[in-house]
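Report on one structure; see the data block that follows.
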Amino acid sequence: MGHRKQHAPRHGSLSYRPRKRARNPNSRIKTWPKLESTTPTILGFMGYKAGMTHLIFVENRKTNPNFGQEISRAVTIIDTPPISICAIKAYKLTDYGLKTIGETWAGELNEDLTRNFTLPKEYDTDKSILEFEEKLEPFKDSKLLELRLLAYTQPRLAAIPKKKPDLMEIKAIAGNHEELIKYSKDILGN
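So, in structure tokens, the structure goes:
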């Protein structure tokens, strides 16, 4: 039926093309929310879909036609094992996007990370942090500096049959750059 394509309209949306399994099940966050925070915090977290169930609740929105009635909705259950921070990466904003300034890694990393990449046998974290801070000196008062934390999951602590951790960059924000760098150094390796 080679002629069918010319004599019938297309069926389905093109926004879901190509219809195939994704290369990587981990989502990629292209933009982070622009928040103003005086306390240092990270803007993301990672979890695994554990299953689905349903909730029965009373509709409390007055504009809804079902106001005051019981409604059943499908919900997703997400298992969120603790994450650990293995590296801090600094970026500067350029006309062509983000450009890496430098990075520093934690000294002691989980052995499961060897499933992702080869871990160094000896790594001097203190020396690496000093070099990292020297690279950040010209950007301390600049709004062009962006810090992201390289976090990994601990799937052994979740109820999923998986050992290889997932890596993800998570943006961190704070009131000023000194607080942000101090906060990032404090949670590095935790």
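Under the numbering used here, the residues of the sequence shown are numbered 11 to 200, in order.
Where a beta carbon is used, it is the ideal one built from N, C-alpha and C, also for glycine.
With respect to the C-alpha of L177, the residue from G22, F127 and S138 having the closest C-alpha is F127.
Rounded to the nearest whole angstrom, the C-alpha separation of E118 and H64 is 42 Å. The beta strand (DSSP E) runs lying completely inside the segment 31-109 and spanning 3 residues or more are 58-68, 80-89 and 93-104, given in chain order. E189 is not a Cβ neighbour of L160, given a cutoff of 7 Å. Closest option to T124, judged by alpha-carbon separation, among K195, F55, L103 and Y162: Y162. Contact check for K72 against R158 fails: the beta carbons are separated by 7 Å or more.
Y162 carries a strand assignment under DSSP once its states are collapsed to helix, strand and coil. Inclusion of L103 and L154 in the CB contact set at 7 Å is warranted, their separation being smaller than that value.
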